[in-house]
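Undergrad: In this text, residue positions in the sequence shown follow numbering that gives the first Met the number 0: the first is 0, and each later residue adds one.
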Amino acid sequence: MEKKKRIAALLLAVTVLLVMLYSALFIAAEADHDCVGENCPICYQINVCQNALKNLSLAVCAVAFAAAFTYALCRSISACADVIPSYTLVSLKVKLTD
Numbered sequence: 000m001e002k003k004k005r006i007a008a009l010l011l012a013v014t015v016l017l018v019m020l021y022s023a024l025f026i027a028a029e030a031d032h033d034c035v036g037e038n039c040p041i042c043y044q045i046n047v048c049q050n051a052l053k054n055l056s057l058a059v060c061a062v063a064f065a066a067a068f069t070y071a072l073c074r075s076i077s078a079c080a081d082v083i084p085s086y087t088l089v090s091l092k093v094k095l096t097d
């Protein structure tokens with residue numbers, strides 16, 4: 000089951016990357032097209048690609064911020080755990096004899 004989740008996550012990441020790449024390439028290729036007026040389908044598609052890039056980049060920034068916050072939080076917790084000594088029977092050198 001874990002392998003299927005990993006493959007699905009990889010496919011989703013590749014799909015998002017390809018959508019961003021092809022949207023940027025389409026905008027670059029059709030930037031100087033001959034516009035037919037108000038209802039130009041190419042202008043509409045360029046607008047759709049721009050919105051897709053904007054939304055995906057916002058999602059990527061949110062995920063990066065969440066990952067950085069989680070990493071910083073885990074690092075600070077582990078740093079605090081290193082400062083606080085843990086007392087065990089072995090560290091206190093308690094001899095257990097019956």
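Beta carbons are placed, not taken as given, at the ideal position from N, Cα and C, and that holds for glycine. As the structure is a prediction and not an experimental result, all values here were calculated from the model.
Closer than 8 Å by C-beta to I45: which residues in its own chain qualify, once you throw out the five before and the five after it? Chain order, please.
TA: Sequence index remark: in the sequence shown, residue 45 carries index 46 (1-based). The residues are F25, I26, E29 and A30.
Undergrad: Assuming M19 contacts L55 (C-beta within less than 8 Å), just tell me the rounded distance between them.
TA: For the purposes of this step, residue 19 is identified with residue 20 of the sequence shown, where counting begins at 1. For the purposes of this step, residue 55 is identified with residue 56 of the sequence shown, where counting begins at 1. M19 to L55, Cβ: 6 Å. Contact.
Undergrad: Beta carbon of A23, beta carbon of L52: below 8 Å?
TA: Mapped onto the sequence shown, residue 23 falls at position 24. Mapped onto the sequence shown, residue 52 falls at position 53. The answer is yes: Cβ separation under 8 Å.
Undergrad: Please look up how many angstroms separate the CB atoms of C34 and C42, rounded, as I've assumed it's under 8 Å.
TA: Reading the sequence shown from its first residue, position 35 is the one you call residue 34. Reading the sequence shown from its first residue, position 43 is the one you call residue 42. With a Cβ gap of about 6 Å, C34 and C42 count as contacting.
Undergrad: CA-CA distance, L11 and V93?
TA: On the sequence shown, residue 11 is found 12 positions in, with the first residue counted as 1. On the sequence shown, residue 93 is found 94 positions in, with the first residue counted as 1. Spanning the two alpha carbons is a distance of roughly 55 Å.
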